[in-house]
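S.K.: Handing you this structure, nothing more for now.
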Amino acid sequence: MAEVVFVVAVVLLVAGMVGSVLPAVPSGLFSLAGIWAYALFGSDPLGPLALGGLTLAAIGTVVVDHVGGPVAAKLSGSSNRTALIAAAVGFVLLFVLGPLGIIVGVIGAVFFLELVEGADTETAAKRSIYTAAGVLGSALAQLLLTGTILLAFVVVTVVF
1 MAEVVFVVAV VLLVAGMVGS VLPAVPSGLF SLAGIWAYAL FGSDPLGPLA LGGLTLAAIG
61 TVVVDHVGGP VAAKLSGSSN RTALIAAAVG FVLLFVLGPL GIIVGVIGAV FFLELVEGAD
121 TETAAKRSIY TAAGVLGSAL AQLLLTGTIL LAFVVVTVVF
């Protein structure tokens with residue numbers, strides 16, 4: 001049973017890594033599920049420090065997943081309204097175009113809304129590109145976080 005729990009936990013952690021580069025796959029939640037599956041049903045306890053640190057890292061991954069694009073839009077100079085609408089459009093287009101829908105939706109929404117709010121084409125394009133960089137940077141941050149979680153989990157459970 002203990003080996004099965006370990007394998008399930010590792011599979012969930014790997015799914016978290018894969019999900020970090022695939023939109024709509026909750027990478028942080030998969031990582032959190034893997035950590036807690038082992039913590040609750042594994043044969044050896046993780047220890048409070050490891051469990052707390054891994055849990056916080058997984059929660060941080062969830063936060064990065066949800067705020068990367070909108071925060072990048074806001075930091076590029078877009079309004080709060082534009083950032084929120086872009087996030088909503090990206091979410092809706094996810095179901096229409098699949099993973100590409102998030103990127104196209106967020107970038108297109110920022111560009112369009114910037115033009116509507118009076119920005120010139122160059123400014124709207126610049127803010128859209130910054131937003132795209134934020135979305136891709138968010139995916140990279142998630143990949144690094146979930147990879148670190150997986151590595152730390154294996155070290156804590158196998159080495160120690």
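Take the numbering used here: the last position of the sequence shown gets the number 160, and nothing is skipped along the way.
All C-beta atoms, glycine included, are put in the ideal place defined by N, C-alpha and C.
All values derive from a computational prediction rather than experimental measurement.
(1) Any idea if T121 is buried or exposed, counting beta-carbon neighbours within 10 angstroms, 16 or more meaning buried?
(2) Hey, out of L113, G28, G19, whose CA is closest to A73's CA?
(3) If you count every other CB in all the chains shown that lies within 10 Å of the CB of G105, and 16 or more means buried, which is it?
(4) Suppose the cutoff is 7 Å on Cβ atoms and the five residues either side in sequence are ignored; what does the same chain contact list for V110 look like?
(5) What's the C-alpha gap between L46 and L143?
(6) Looking at T146: is its Cβ nearer than 8 Å to the Cβ of G16?
(7) What's the gap between the Cα of L13 and the Cα of G137?
(8) Starting from the Cα of F6, find the closest Cα among L22, V159, V154 and give me that residue.
(9) For T148, report the span of its alpha helix (DSSP H) as first-last.
(10) Is there a Cβ of chain D sitting closer than 8 Å to that of L115, yes or no?
(11) Please state the DSSP three-state secondary structure of D65.
(12) Can you tell me which of I107, A119, I102 puts its alpha carbon nearest to the alpha carbon of D65?
M.R.: So, from the listed chains and residues:
(1) By the neighbour-count definition (other C-beta atoms within 10 Å, threshold 16), T121 is an exposed residue.
(2) Of the candidates L113, G28, G19, the one whose C-alpha sits nearest the C-alpha of A73 is L113.
(3) Its Cβ being crowded by 16 or more others within 10 Å, G105 is buried.
(4) Counting only Cβ-Cβ distances below 7 Å, and skipping sequence neighbours, we find A73, S78, T82, A86, R127, S128, T131.
(5) Near 23 Å, if we compare the C-alpha coordinates of L143 and L46.
(6) Judged by their CB atoms, T146 and G16 are nearer to each other than the 8 Å cut-off.
(7) Straight through space, the alpha carbons of G137 and L13 are spaced by roughly 20 Å.
(8) Comparing Cα positions, the closest option is V154.
(9) Here the alpha helix (DSSP H) through T148 covers 121-154.
(10) Annotation note: the requested chain D is absent from the structure, which comprises a single protein chain.
(11) Under the three-state reduction of DSSP output, D65 falls in the helix class.
(12) For the residues I107, A119, I102, the minimum Cα distance to D65 belongs to I102.
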